[in-house]
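Colleague: In this text, residue positions in the sequence shown follow UniProt numbering: the first is 1, and each later residue adds one.
Here it is, the structure in full.
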Amino acid sequence: MSPKIPTLDFSREDLKPGTKYWESTRENIRQALEEYGCFIIDLKDKTPLDLLDRVFGSLVDLFDLPTQTKMKNKYDKPLNGYVGQIPALPLHESLGIDNATSLEATRSFTGLMWPQGNEHFRYV
């Protein structure tokens, strides 16, 4: 049996900060990203196209930053932070946020990538 990309239900009304479902969803997101590097969001046909546009637009903004800026994202753990510029994998680039479910960690990452500020990225 081949691995299956996890599908996470984001359609529930109780998916709000501080709820038990929020906490379990955060943990499921972390596990999916650590194990697969991605996950599928199920919004039960409630997906606003503008949300998808904002998410993918923010990722384009992030990966369009200069390499020198992305390289500021460093961690002691292997393959965390910025990974790219590998001759054997010329099309591979990844950026990890250590403790990404922490509001302070995302603020720190956003400030590192955009010192002038980018609240849009952090909230998308």
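Cβ atoms here follow ideal geometry from the backbone N, Cα and C, with glycine treated the same way.
Computed from a predicted structure; not experimentally measured.
Is it true that the CB of G81 sits closer than 8 Å to the CB of K74?
Modeller: In this structure, G81 lies closer than 8 Å to K74 by Cβ.
Colleague: With which residues is D9 paired in a DSSP beta bridge?
Modeller: D9 pairs with D42.
Colleague: For V83, does the three-state DSSP call read helix, strand or coil?
Modeller: In this structure, V83 counts as strand in the three-state DSSP scheme.
Colleague: Go ahead and pull the three-state DSSP assignment for S2.
Modeller: Note: S2 maps to coil in three-state DSSP.
Colleague: Strictly by DSSP, which residues pair up with L95?
Modeller: BP columns for L95 point to Y82.
Colleague: Quick check on the burial criterion: 16 or more other C-beta atoms within 10 angstroms. Buried or exposed for F63?
Modeller: Exposed is the call here.
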